[in-house]
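Participant: At the far end of the sequence shown sits residue 440, using numbering that gives the first Met the number 0, and the numbering has no gaps.
Positions of the beta carbon are idealized from the N, C-alpha and C atoms, including for glycine.
One structure coming up, written as structure tokens, with questions to follow.
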Amino acid sequence: MNIIQIIEKKKLGYALTQQEIQFFIKGATDGSIPDYQLAALLMAIRINGMDRDETGWLTLAMAHSGDMLDLSVIDGVPVDKHSTGGVGDTTTLIVAPLVAACGVPVAKMSGRGLGHTGGTIDKLESIPGFSTEMGMEDFIAQVRRIRIAVIGQTKDLAPADKALYLLRDITSTVDSLPLIASSIMSKKLASGARAIVLDVKTGAGAIMRTLDKSIELAQVMVRIGADAGRDVIALVTDMDEPLGSHIGNALEVKEAIDVLAGRVQGPLLDVSMELGTQMLIAAGAADNALKARQTLDTMLVSGQGMEKLRELISAQGGDPEVCAQPSLLPQAKVVCDAHLKDAGYIHRMDTARLGYLAQRMGAGRTKKTDVIDPSVGFVLRHRIGDAVAAGDAIATVYARGEEDIAFAREELLQAITILPEPARPLKLVHAIVTPDGIIPL
Numbered sequence: 000m001n002i003i004q005i006i007e008k009k010k011l012g013y014a015l016t017q018q019e020i021q022f023f024i025k026g027a028t029d030g031s032i033p034d035y036q037l038a039a040l041l042m043a044i045r046i047n048g049m050d051r052d053e054t055g056w057l058t059l060a061m062a063h064s065g066d067m068l069d070l071s072v073i074d075g076v077p078v079d080k081h082s083t084g085g086v087g088d089t090t091t092l093i094v095a096p097l098v099a100a101c102g103v104p105v106a107k108m109s110g111r112g113l114g115h116t117g118g119t120i121d122k123l124e125s126i127p128g129f130s131t132e133m134g135m136e137d138f139i140a141q142v143r144r145i146r147i148a149v150i151g152q153t154k155d156l157a158p159a160d161k162a163l164y165l166l167r168d169i170t171s172t173v174d175s176l177p178l179i180a181s182s183i184m185s186k187k188l189a190s191g192a193r194a195i196v197l198d199v200k201t202g203a204g205a206i207m208r209t210l211d212k213s214i215e216l217a218q219v220m221v222r223i224g225a226d227a228g229r230d231v232i233a234l235v236t237d238m239d240e241p242l243g244s245h246i247g248n249a250l251e252v253k254e255a256i257d258v259l260a261g262r263v264q265g266p267l268l269d270v271s272m273e274l275g276t277q278m279l280i281a282a283g284a285a286d287n288a289l290k291a292r293q294t295l296d297t298m299l300v301s302g303q304g305m306e307k308l309r310e311l312i313s314a315q316g317g318d319p320e321v322c323a324q325p326s327l328l329p330q331a332k333v334v335c336d337a338h339l340k341d342a343g344y345i346h347r348m349d350t351a352r353l354g355y356l357a358q359r360m361g362a363g364r365t366k367k368t369d370v371i372d373p374s375v376g377f378v379l380r381h382r383i384g385d386a387v388a389a390g391d392a393i394a395t396v397y398a399r400g401e402e403d404i405a406f407a408r409e410e411l412l413q414a415i416t417i418l419p420e421p422a423r424p425l426k427l428v429h430a431i432v433t434p435d436g437i438i439p440l
């Protein structure tokens, strides 16, 4: 079998066989296929797509490229949650501690930033001392002990995905339905969670921009999970504007702390609670949405969710005092407001552009060797639907230097559309996708 022939076949739009896909994944895993050929095949897949069989074979090949974790020694139903990626999307740092505080085991494997979207691992690593690397025995032991662990992808779990993930980030092949579905679900299958709640984004800041494509992606992933014997449900949530107001790794950790402390409400908390509700139901900890939400509310108001975050940080080598003193997080060298030139109402945000702005400021990577600056980013001061006056601060920018400040100010003004007439706030959750069908909301 020859990788050039496989690239040629997919370039011309033909379906690959299971054996060809297994050959491709083996080569990605052991390094026998160089990056430039893997990148060529990824682009061919991005352009010509994959059918249902190809996507399923790709997912299973990636999942079985390394170890398959067995979580059966953990009491209860281990549950995981995964987002397809957004901007200001810090739900894991909020919902995972809340669900774990309810007694449900959260065995979470997360990823790094991809394209314009942030990554949970990058965010957690902005906490001084926090380690996202852990052996599988220690991972399971921590979940059994404190009901939660969040780690990065290990070299032994879905290693093919780890190799392809970085390439997708730097070759403009992120927005491919089969590549997204196989990447997410291979990690979920390999990491052993029995119940999985997916947060599939839609809109200007999502990998899938239209609602139809987002629902299609959700259906593909739910179907893959069901075929593998997992309990999978997907929420399709909005990304026409950043979910939270903070964009940047340490800044997003601070916002998650503020939410758990009860200082901040709004869309980030609302979507976190919707995801947590489905996680509790999937794990059998609640038999309906009302009871699940009431339990989560109790964990939030009582401070038990915050205490579980402290436990998580401490267990993984971080400084739990960041929960009481967010100023212990990395601090940017230069902080400055960006001001609006026009009055009116905020109608649209180019959310992907905002994500790429944070990436270019140092919060993400443009090549594999880039080192992230955890301190940089910006905090939006208004949302879609808000009335604003000329001269209002649209954002506070946290940067490495004055050059980045000037660039960020211009990008922020270009990414936000202000019109004279009022605008309606956005809908947060569009649909729920289950193995039985689509529930519009």
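If you check the beta carbons only, do arginine 193 and valine 76 fall under 8 Å apart?
Facilitator: Start at 1 with the first residue of the sequence shown, and residue 193 comes out as number 194. Start at 1 with the first residue of the sequence shown, and residue 76 comes out as number 77. Against a cut-off of 8 Å, the Cβ pair of valine 76 and arginine 193 comes out as a contact.
Participant: Between the region 119-129 and the region 356-374, are three or more C-beta pairs nearer than 8 Å?
Facilitator: Contact between the region 119-129 and the region 356-374 is present, because at least three Cβ pairs lie under 8 Å.
Participant: When the Cα of alanine 249 is compared with those of Gly87, Leu57, Ser31, Leu311, which residue comes out closest?
Facilitator: Here the question's residue 249 lines up with position 250 in the sequence shown. Of the candidates Gly87, Leu57, Ser31, Leu311, the one whose C-alpha sits nearest the C-alpha of alanine 249 is Gly87.
Participant: Could you check the C-alpha separation between methionine 108 and arginine 423 for me, to the nearest Å?
Facilitator: Position 109 of the sequence shown, counted from the start, is the residue given in the question as residue 108. Position 424 of the sequence shown, counted from the start, is the residue given in the question as residue 423. Distance between the alpha carbons of methionine 108 and arginine 423: 36 Å.
Participant: Flag lysine 10 as yes when its Cβ comes closer than 7 Å to any non-hydrogen atom of the ligand SAM, and as no otherwise.
Facilitator: No copy of the ligand SAM occurs in the structure displayed, which carries no ligand at all.
Participant: Would you give the residue range spanned by the beta strand (DSSP E) that aspartate 385 belongs to?
Facilitator: By 1-based counting over the sequence shown, the position of residue 385 is 386. Taken as a continuous stretch (DSSP letters only), aspartate 385 belongs to no beta strand (DSSP E), as it is neither H nor E.
Participant: For alanine 217 and alanine 233, which I take to be in contact (beta-carbon distance under 8 Å), what is that distance rounded to the nearest angstrom?
Facilitator: Here residue 217 is taken as the residue at index 218 of the sequence shown, counted from 1. Here residue 233 is taken as the residue at index 234 of the sequence shown, counted from 1. Confirmed, about 4 Å.
Participant: Would you mind giving the Cβ-Cβ distance between alanine 62 and valine 196, rounded to the nearest angstrom? I have them listed as a contact below 8 Å.
Facilitator: The sequence position of residue 62 within the sequence shown is 63, counting from 1. The sequence position of residue 196 within the sequence shown is 197, counting from 1. Not really, about 19 Å apart at Cβ, beyond 8 Å.
Participant: Between which residues of its own chain and tyrosine 112 is the CB-CB distance below 8 Å, once the five residues before and five after are set aside?
Facilitator: Translated into the one-based positions of the sequence shown, residue 112 becomes position 113. Here the sequence assigns glycine to residue 112, which means tyrosine is not the residue at that position. Excluding sequence neighbours, glycine 112 sits near Gly118, Asp121, Asp168, Gln358, Ala362, Gly363, Arg364, Ile371.
Participant: Specify the secondary structure class of glycine 302 as computed by DSSP and reduced to three states.
Facilitator: In the sequence shown, the residue the question calls residue 302 occupies position 303. Coil.
Participant: DSSP three-state call for isoleucine 214: helix, strand or coil?
Facilitator: Translated into positions along the sequence shown, residue 214 becomes position 215. The answer is helix: DSSP assigns isoleucine 214 an H, G or I state.
Participant: Would you tell me roughly how many angstroms separate the C-alpha atoms of serine 71 and valine 432, rounded to the nearest one?
Facilitator: For this step, residue 71 is matched to residue 72 along the sequence shown. For this step, residue 432 is matched to residue 433 along the sequence shown. Distance between the alpha carbons of serine 71 and valine 432 is about 27 Å.
Participant: Does leucine 97 come out as helix, strand or coil in the three-state DSSP assignment?
Facilitator: Counting from 1 along the sequence shown, the entry for residue 97 is found at position 98. DSSP places leucine 97 in helix when its eight states are reduced to three.
Participant: Does the region 334-343 come into contact with the region 377-389, if we say contact requires no fewer than three beta-carbon pairs (one atom in each stretch) closer than 8 Å?
Facilitator: Yes, since at least three Cβ pairs between the region 334-343 and the region 377-389 fall closer than 8 Å, the two stretches touch.
Participant: For the alpha helix (DSSP H) holding lysine 122, just list the boundary residues, first then last.
Facilitator: Here residue 122 refers to the residue found at position 123 when the sequence shown is read from its first residue. Segment 119-123, the alpha helix (DSSP H) holding lysine 122.
Participant: Taking the alpha-carbon positions, what's the valine 78 to glutamate 409 distance?
Facilitator: If you number the sequence shown from 1, residue 78 lands on position 79. If you number the sequence shown from 1, residue 409 lands on position 410. Each residue's alpha carbon lies about 42 Å from the other.
Participant: Enumerate in chain order the residues of its own chain whose CB-to-CB distance from cysteine 335 is below 7 Å, with the five nearest sequence positions on each side excluded.
Facilitator: Locating residue 335 in the sequence shown gives position 336, counting from the first residue. The residues are Val396, Ile404.
Participant: Only counting the same chain, and skipping five residues up and downstream in sequence, which positions put a Cβ closer than 6 Å to that of leucine 92?
Facilitator: As a first step, residue 92 must be located in the sequence shown, where it is residue number 93. Around leucine 92: Ala255.
Participant: Measuring alpha carbon to alpha carbon, tell me which residue in Val103, Met49, Lys186, Lys9 is nearest alanine 285.
Facilitator: Within the sequence shown, residue 285 is the residue found at index 286, counting from 1. Taking only the C-alpha atoms, the option nearest alanine 285 is Val103.
Participant: What is the rounded straight-line gap between the Cα of aspartate 69 and the Cα of leucine 267?
Facilitator: Locating residue 69 in the sequence shown gives position 70, where the first residue counts as 1. Locating residue 267 in the sequence shown gives position 268, where the first residue counts as 1. For aspartate 69 and leucine 267, the distance between alpha carbons rounds to 32 Å.
Participant: Can you tell me whether DSSP reads proline 439 as helix, strand or coil?
Facilitator: As a first step, residue 439 must be located in the sequence shown, where it is residue number 440. It is a strand residue.
Participant: Could you tell me the distance, in whole angstroms, from the CA atom of alanine 388 to the CA atom of aspartate 239?
Facilitator: Counted from its first residue, the sequence shown places residue 388 at position 389. Counted from its first residue, the sequence shown places residue 239 at position 240. Those two C-alpha atoms are separated by around 22 Å.
Participant: Tell me the rounded alpha-carbon separation between valine 333 and arginine 399.
Facilitator: Counting from one through the sequence shown, the residue named residue 333 turns up at place 334. Counting from one through the sequence shown, the residue named residue 399 turns up at place 400. Near 6 Å, if we compare the C-alpha coordinates of arginine 399 and valine 333.
Participant: Looking only at its own chain, which residues have a Cβ that is under 7 Å from the Cβ of serine 185, when we skip the five neighbours before and after it?
Facilitator: For the purposes of this step, residue 185 is taken as residue 186 along the sequence shown, with counting starting at 1. Same-chain partners within the cutoff: Thr58, Met61, Ala62, Ala157, Asp160.
Participant: What did DSSP end up calling isoleucine 32 once you bin it into helix, strand or coil?
Facilitator: Numbered from 1 along the sequence shown, position 33 holds the residue referred to as residue 32. In this structure, isoleucine 32 counts as coil in the three-state DSSP scheme.
Participant: By DSSP, does arginine 144 sit in helix, in strand, or in coil?
Facilitator: For the purposes of this step, residue 144 is taken as the residue at position 145 of the sequence shown. Arginine 144: helix per DSSP, three-state reduction.
Participant: Let me know if isoleucine 183 comes out buried or exposed under the rule of 16 or more other beta-carbons within 10 Å of its beta-carbon.
Facilitator: Locating residue 183 in the sequence shown gives position 184, where the first residue counts as 1. Answer is buried; the Cβ neighbour count reaches 16.
Participant: With burial defined as no fewer than 16 other Cβ atoms inside 10 Å of the residue's Cβ, what is the status of alanine 106: buried or exposed?
Facilitator: Here residue 106 refers to the residue found at position 107 when the sequence shown is read from its first residue. By the 10 Å Cβ count, alanine 106 comes out buried.
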